[in-house]
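Visitor:
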Ligand code: DQA
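In UniProt numbering, the protein residues as written are 3 to 146.
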């Protein structure tokens, strides 16, 4: 099995970006955590990060038939992007939405997600451990 891990805008700055909110681990650390967790279940991962909405849409479209599930932190696009939500609906794969911070404890505009209605699970506020939970959830779901 194979999982696609999708990182939205500004997550390339993880580790240096508002560390009091997002922690000090880097995106490489997150990808390594996903890789090692997936490996425990015999799963492989591919990862993509982009600051561009269309690049993320293309990556999600390409996942159709190529992977068995998607872990996505759409970052700011969570709250704005119908295009990313439509792409996720189109590929019809199990999706887990992850946020490092507890989006419900922050500004009002972070409480709404276009992605959540399509997600089989939503994890927010667990920091990078949320990605481990996400991979474990998909692994359990794929095993049936
Ligand atoms: C985020 C939360 C979003 O509101 C924000 O725009 C991000 C990161 C998180 O992981 O907590 O960029 O998705």
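Where a beta carbon is used, it is the ideal one built from N, C-alpha and C, also for glycine. What you are looking at is a predicted structure, and each value in this text was computed from that prediction instead of being measured.
Classify residue 119 as buried or exposed, calling it buried when 16 or more other Cβ atoms lie within 10 Å of its own Cβ.
Guide: exposed
Visitor: Compute the beta-carbon to beta-carbon distance between residue 77 and residue 13, rounded to the nearest angstrom, for a pair I have assumed lies under 8 Å.
Guide: 6 Å
Visitor: Tell me which residues share the same chain as residue 121 and place their Cβ nearer than 7 Å to its Cβ, disregarding the 5 neighbours each side in the sequence.
Guide: 97, 98, 99
Visitor: Can you tell me whether residue 80 is helix, strand or coil according to DSSP?
Guide: In this structure, DSSP gives residue 80 a helical state, which the three-state scheme calls helix.
Visitor: Give the secondary structure of residue 18 by DSSP, where H, G and I count as helix, E and B as strand, and everything else as coil.
Guide: coil
Visitor: Per DSSP, what kind of secondary structure is residue 66 in: helix, strand or coil?
Guide: coil
Visitor: Leaving out five residues before and five after residue 102 in sequence, what residues of the same chain have Cβ atoms less than 6 Å from its Cβ?
Guide: 24, 129
Visitor: What do you get for residue 9, buried or exposed, if any count of 16 or more other CB atoms within 10 angstroms of its CB means buried?
Guide: Taking every protein chain shown into account, the CB of residue 9 has 16 or more other CB atoms within 10 angstroms, so this residue is buried.
Visitor: For residue 61, which residues of its own chain have a beta-carbon under 8 Å away from its beta-carbon, when the five flanking residues on both sides are left out?
Guide: 6, 8, 50, 52
Visitor: Straight-line CA distance for residue 66 to residue 26?
Guide: 33 Å
Visitor: Out of 71, 81, 41, point me to the one whose CA is closest to residue 111's CA.
Guide: 81
Visitor: Please list, in chain order, all residues of the same chain as residue 37 whose beta carbon is under 7 Å from its beta carbon, the five residues on each side excluded.
Guide: 47
Visitor: If you measure from the CB of residue 103, is any heavy atom of the ligand DQA nearer than 8 Å?
Guide: For residue 103, the shortest separation between its Cβ and any heavy atom of the ligand DQA lies below 8 Å.
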